[in-house]
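Note sheet for the following structure.
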Amino acid sequence: MLRYVTRALSAGLVASAIGLGAAPAMAAPESKDPIKVTLHDWTGQLISARLMGETLKKAGYTVEYVQADYLAQFAGMKTGDLHVAMEVWATTAKEAMDAAIAEGGVENVGETGMQAIEDWWFPDYMKEKCPGLPDWEALKSCAEAFSVPETAPKGRYLGGPVTWGGYDEERVQALGLDFEVVHAGTDAAMFAELQSAYERKAPIILWIYAPHWAPIKYKGEWVKFPAYEKACYEDPAWGVNKEAKYDCAKPRGPIYKAAWTGVKDKWPGAYKAIKAYTFTNDEIGALAAKVDLDGKKVEDVVDEWMAANESRWKGWLGQ
5 MLRYVTRALS AGLVASAIGL GAAPAMAAPE SKDPIKVTLH DWTGQLISAR
55 LMGETLKKAG YTVEYVQADY LAQFAGMKTG DLHVAMEVWA TTAKEAMDAA
105 IAEGGVENVG ETGMQAIEDW WFPDYMKEKC PGLPDWEALK SCAEAFSVPE
155 TAPKGRYLGG PVTWGGYDEE RVQALGLDFE VVHAGTDAAM FAELQSAYER
205 KAPIILWIYA PHWAPIKYKG EWVKFPAYEK ACYEDPAWGV NKEAKYDCAK
255 PRGPIYKAAW TGVKDKWPGA YKAIKAYTFT NDEIGALAAK VDLDGKKVED
305 VVDEWMAANE SRWKGWLGQ
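Each step along the sequence shown adds one to the number in the working numbering, with nothing skipped, and position 319 is 323.
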């Protein structure tokens, strides 16, 4: 018996010595089933999604990227057909996320660390054509300054892709603005049009958001609408138009992560990594610029970041 205990102790000491100073081994993935991470139609989100997905792959998880409608994705998460959404903006999708959470099957996994701003934005040179900006009331008397042949004499507001939501048509009507809302087909098309207009000093007013490189690269301002309050989106009696909702600015706030509620039980290690993931506006904006301005592929930009920031993503994994 004594000999057995001695051997056991010796074996334990040897094992401890071998493991001394070494990082703990990563546990095997709890399930080999694919974790489905949603992709949308703007560069920063594609980067966020792949940063998380590639991190999970490093830990041995199977990851599948799925193109999904920004608002309709919650229906897929409720049923467990989709699993992880890495950017849910308080400005445009929190209502949809909260409704899905209330119905069951979806969880808010916490803030990403990024803060969302998205609203009507104009280049500084438009102030000469529309005195009074950035006050929204200036738009009442100079809508034609923002017109294009397709909308004249109405001004044109270049909105984001329809799937982004945002209530821009409702805002135009509620505030009595002589504007036509024209939706860009894609995020890339919207910013290509901004660049073209900016270089020519052509009229433009459009949806700009942050985190993004555009409000850093171009000089301009967001329109100052009446400040957002929750009642603005719920009670027509609130605000300057007593008969309509959405007579205010868009909300501002955190960018969240959302997930199917089954993730924490089926892939607990992945769930912890998703909760731990954080990024800043400037970091994502800089990475998006490499794609949109330098012409690099999203996959290459993510791979470069992963190679240069190993301690960061390993920290999300608890390594």
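Just so you know, even glycine gets a beta-carbon here, dropped at the ideal spot from N, CA and C. Keep in mind it's a predicted model, so treat the numbers as computed, not measured.
Report the residue from V306, Q49, P272 and H216 whose alpha carbon sits nearest the alpha carbon of E122.
H216
Below 8 Å between beta carbons: does that hold for F283 and T59?
Taking C-beta atoms as the reference points, F283 and T59 fail to come closer than 8 Å.
Among E225, A312 and A156, which one has its Cα closest to the Cα of I212?
E225
Out of G289, K301, I288 and A277, which one is the CA nearest neighbour of G319?
For G319, the closest of G289, K301, I288 and A277 by C-alpha to C-alpha distance is A277.
Spatial neighbours of A19 within its chain, please: C-beta separation below 7 Å, excluding the five flanking residues on both sides.
The pLDDT assigned to A19 is 38, lower than 50, so where the model puts this residue is not dependable, and the model offers no usable value.
Can you tell me whether E247 is helix, strand or coil according to DSSP?
coil
What runs of the alpha helix (DSSP H), each 4 residues or longer, lie entirely inside the stretch 260-297?
267-270, 272-280 and 285-296
Compute the Euclidean distance between the alpha carbons of G163 and P135, then round it to the nearest angstrom.
22 Å
For L198, tell me which candidate among E184, K223 and L181 has the shortest Cα-Cα distance.
K223
Does DSSP put Y4 in a helix, a strand or coil?
Nothing can be reported for residue 4, as the shown portion of the chain is limited to 5 through 323.
Opposing strand residues paired with W46 [DSSP bridges]:
W46 pairs with nothing; no bridge assigned.
Look at the Cβ atom of Q119, then the Cβ atom of M90, and state whether they are nearer than 8 Å.
no
Within a Cβ cutoff of 7 Å, which residues of the same chain sit near Q77, ignoring the five residues on either side of it in sequence?
Closer than 7 Å at Cβ, skipping near neighbours: T42, L86 and A89.
Whose C-alpha, out of R256, K254, K270 and L210, is nearest the C-alpha of D128?
Nearest C-alpha to D128: L210.
Throw me the rounded Cβ distance for the E184 and T155 pair, which I believe falls under 8 Å.
4 Å
Suppose contacts are defined by Cβ-Cβ distances below 8 Å. Is I220 in contact with G169 by that definition?
Taking 8 Å as the Cβ cut-off, I220 and G169 do not qualify as a contacting pair.
Residue environment, R204, which counts as buried when at least 16 other CB atoms sit within 10 Å
exposed
Buried or exposed: which applies to P153, given that a residue is buried once 16 or more other Cβ atoms fall within 10 Å of its Cβ?
exposed
In this structure, how does DSSP classify A237 when only helix, strand and coil are distinguished?
The question names Ala, but residue 237 in the sequence shown is Tyr. The answer is helix: DSSP assigns Y237 an H, G or I state.
What does the Cβ neighbour count give for L137, buried or exposed, with the cut at 16 atoms within 10 Å?
buried
Between which residues of its own chain and A178 is the CB-CB distance below 7 Å, once the five residues before and five after are set aside?
N245, A248, K249, Y250 and D251
DSSP state of E91, grouped into three classes?
strand
Helix, strand or coil, according to DSSP, for T116 in the structure here?
strand
With 16 other CB atoms within 10 Å as the buried threshold, where does L297 fall?
exposed
Among the candidates K270, D37, E174 and A206, whose CA atom is the shortest distance from the CA of T66?
D37
Give a yes or no on whether the C-beta atoms belonging to A262 and M130 are separated by under 8 Å.
no
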